[in-house]
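Engineer: Supplied in structure tokens, the structure appears directly below.
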Amino acid sequence: MFVKRPMKTYKRSSNNTSKSQLTQHPVSKNARKSQLSQHLVSKNTRKQMEENTRDQEGPSELPVPDVIDYNLNVLFVGLFSGKKSIKERHHYSSSNNDFYYALYESGMTNGDHLTYLDDQRLARDYKIGIVTLASRPEHRSKTKLSIEEIKKEFPTLLEKVEKYRPKVLCFNGRAVLQAFAIFQNTRINSSTKKNIVTEDWGEQPNFSIWWSDHTGYTKIFCVISTSGRVVQYKRQTKIKYFKKLKELIDNDNKKEMVKNIKSEEQHIQLKKIKEEIIDLIDAYIKRGFNNEQEDCEYDDLRDFSPNKKRKRGQKYSPPESFMAKRW
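In terms of UniProt numbering, the sequence shown opens at residue 1 and continues consecutively.
Given below as structure tokens:
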């Protein structure tokens, strides 16, 4: 006789399990909720949790180190470092920033492709420096700075220029240049009442930074900001001013080379003239000594004694050589 057997019941362990993964025993509601809380966390929730932890940690206390050395061709000045630059501790770390691409296209890196990881090589290998104007911890939580806040950082910048003496000081962005011009107007030209007029981009011929000993000065240049936020200018337009900066540096280096060659030639000529004068003096001294020796030998042959007969009425006056020999 045929007897019906009761069918087995199958239940899903969770919503994430496939159709093939079934369990014979039913799962309790509490276990199911715990599994859902562990595995069904959305991506947006995870991102929000990461952002909250970053906000609790706060900005890094260590600033991005300056890339600077003596006698640089150019020293770039940025306003403040971005979040990624602070995290990586390298200048212009954002992939949207065109700084290193513009350096390559202008020829300032001698054909080498560089990234933000190579920023510390710039001063040593290419004579290029980078400093950040607002590098204090209180500045890093801001996206914009007022002119008064920017002006407080310029004395430190002038100290660096006076110490390291770069040929060109290049501002990466017009806002920093305008703030610097206002600072210079209030600091230097308060007595003359002559305001410095700035050009939009390129070389600023109206003002420069003279060194304290007046042996030279640093020129001022301005390029369009390489930040990815500046979208009103194309990349090629930004690169154009980097190329003009390269031309200015090359012209200054040529002038300095010609000046050094001329000074070296003058030094060689003066050295030759000095040697010729010394030879003439030595020859003149030797010739005078030989003449004096001949005169002494001739005087020894003559008789200048007081007993020598002289004409009647003539007084005796011994010669100078006789007086020198006797007395």
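We put the CB at the ideal spot given by N, CA and C, even for glycine.
This structure is a prediction, so every number in the text was calculated from the model and none was measured.
Using the Cβ count rule (16 or more neighbours within 10 Å means buried), how would you classify G78?
Structural biologist: Locating residue 78 in the sequence shown gives position 78, where the first residue counts as 1. G78 should be labelled buried.
Engineer: Between E199 and K84, what straight-line distance do the alpha-carbon atoms span, to the nearest angstrom?
Structural biologist: As a first step, residue 199 must be located in the sequence shown, where it is residue number 199. As a first step, residue 84 must be located in the sequence shown, where it is residue number 84. Approximately 31 Å, taken between the alpha carbons.
Engineer: By a C-beta neighbour count over all protein chains shown, 10 Å radius and 16 as the cutoff for buried, is G82 buried or exposed?
Structural biologist: The count along the sequence shown starts at 1 and reaches residue 82 at position 82. That one is buried.
Engineer: Could you tell me which residues DSSP puts in a beta bridge with N172?
Structural biologist: Taking the first residue of the sequence shown as position 1, residue 172 is located at position 172. Partner(s): V223.
Engineer: Grab me the residues of L145's own chain with a C-beta within less than 8 Å of its C-beta, minus the 5 sequence neighbours each way, in chain order.
Structural biologist: For this step, residue 145 is matched to residue 145 along the sequence shown. Correct list, in chain order: L79, F80, A134, H139.
Engineer: Can you tell which of Q178, V161, K286 has the C-alpha that lies nearest to the C-alpha of G216?
Structural biologist: Along the sequence shown, one-based indexing puts residue 216 at 216. Selected option, being the one with the closest Cα: V161.
Engineer: Tell me whether Y241 sits in a helix, a strand or coil according to DSSP, three-state version.
Structural biologist: Start at 1 with the first residue of the sequence shown, and residue 241 comes out as number 241. Residue state, collapsed to three classes: helix.
Engineer: What number of angstroms, rounded off, separates the C-alpha of P65 from the C-alpha of G129?
Structural biologist: Here residue 65 corresponds to residue number 65 of the sequence shown, with the count starting at 1. Here residue 129 corresponds to residue number 129 of the sequence shown, with the count starting at 1. If you take the alpha carbons of P65 and G129, they lie about 11 Å apart.
Engineer: With a Cβ-Cβ cutoff of 9 Å, do L169 and V74 count as a contact?
Structural biologist: For the purposes of this step, residue 169 is taken as residue 169 along the sequence shown, with counting starting at 1. For the purposes of this step, residue 74 is taken as residue 74 along the sequence shown, with counting starting at 1. A contact, by the Cβ cut-off of 9 Å.
Engineer: Using alpha carbons as the reference points, say which of I86, P155, P166, L103 lies closest to R187.
Structural biologist: Mapped onto the sequence shown, residue 187 falls at position 187. Considering only alpha carbons, the answer is P155.
Engineer: With the cut-off set at 9 Å, would you say H91 and T132 are in Cβ contact?
Structural biologist: Residue numbering aside, residue 91 sits at position 91 when the sequence shown is read from its first letter. Residue numbering aside, residue 132 sits at position 132 when the sequence shown is read from its first letter. Contact: yes.
Engineer: Kindly indicate which three-state DSSP category V74 falls into: helix, strand or coil?
Structural biologist: Indexing the sequence shown from 1 puts residue 74 at position 74. Here V74 sits in strand by DSSP.
Engineer: Would you check if the distance between the CB atom of F207 and the CB atom of Q184 is smaller than 9 Å?
Structural biologist: Here the question's residue 207 lines up with position 207 in the sequence shown. Here the question's residue 184 lines up with position 184 in the sequence shown. Against a cut-off of 9 Å, the Cβ pair of Q184 and F207 comes out as a contact.
Engineer: Considering only C-alpha positions, which residue in the set P205, I150, E256 is nearest to F221?
Structural biologist: By one-based count along the sequence shown, residue 221 stands at place 221. F221 has its Cα closest to that of P205, out of P205, I150, E256.
Engineer: Indicate the three-state DSSP secondary structure (helix, strand or coil) for T218 in the structure shown.
Structural biologist: The residue given as residue 218 occupies position 218 in the sequence shown. Three-state DSSP puts T218 in a strand.
Engineer: Taking 7 Å as the limit between beta carbons, can you name the residues of its chain near Y164, skipping five residues before and five after?
Structural biologist: Mapped onto the sequence shown, residue 164 falls at position 164. Excluding sequence neighbours, Y164 sits near I68, D69, Y70, L72.
Engineer: At which residues does the beta strand (DSSP E) containing T115 begin and terminate?
Structural biologist: The residue given as residue 115 occupies position 115 in the sequence shown. Unbroken run through T115: none, as it is neither H nor E.
Engineer: Can you tell me whether DSSP reads T186 as helix, strand or coil?
Structural biologist: Position 186 of the sequence shown, counting from 1, holds the residue named residue 186. Under the three-state reduction of DSSP output, T186 falls in the helix class.
Engineer: With three or more C-beta pairs closer than 8 Å as the rule, is the stretch 94-109 touching the stretch 237-250?
Structural biologist: Yes: at least three Cβ pairs fall under 8 Å.
Engineer: Pick helix, strand or coil for V161, following the three-state DSSP scheme.
Structural biologist: For the purposes of this step, residue 161 is taken as the residue at position 161 of the sequence shown. Reduced to three states, the DSSP call for V161 is helix.
Engineer: Can you have a look at residue 328 and say buried or exposed, based on whether 16 or more other CB atoms are within 10 angstroms of its CB?
Structural biologist: Because the chain is modelled from 1 through 327, residue 328 falls outside the range shown and cannot be assessed.
Engineer: My understanding is that P166 touches T218, with C-beta atoms under 8 Å, so please give their C-beta distance in whole angstroms.
Structural biologist: In the sequence shown, counting from the first residue as 1, residue 166 sits at position 166. In the sequence shown, counting from the first residue as 1, residue 218 sits at position 218. At roughly 6 Å, the Cβ-Cβ gap stays under 8 Å, so P166 and T218 are in contact.
Engineer: Taking I224 as the reference, which of G202, I147, L158, I268 has the closest Cα?
Structural biologist: Looking up residue 224 in the sequence shown gives position 224. Of the listed residues, the one whose Cα sits closest to I224 is G202.
Engineer: Is K127 buried or exposed, if buried means 16 or more other CB atoms sit within 10 Å of its CB?
Structural biologist: By one-based count along the sequence shown, residue 127 stands at place 127. When all chains shown are included, K127 counts as buried.
Engineer: Beta-carbon separation of K151 and A179 under 9 Å?
Structural biologist: Here residue 151 refers to the residue found at position 151 of the sequence shown. Here residue 179 refers to the residue found at position 179 of the sequence shown. Result yes, Cβ atoms of K151 and A179 sit closer than 9 Å.
Engineer: Let me know the secondary structure DSSP gives I68 once reduced to three states.
Structural biologist: For the purposes of this step, residue 68 is identified with residue 68 of the sequence shown, where counting begins at 1. Here I68 sits in coil by DSSP.
Engineer: Pick from I268, A181, R229: whose alpha carbon is nearest that of E148?
Structural biologist: The residue given as residue 148 occupies position 148 in the sequence shown. When only C-alpha atoms are compared, the closest one is A181.
Engineer: Counting only beta-carbon separations shorter than 9 Å, does S212 have a partner in chain C?
Structural biologist: This model lacks chain C altogether; it includes just one protein chain.
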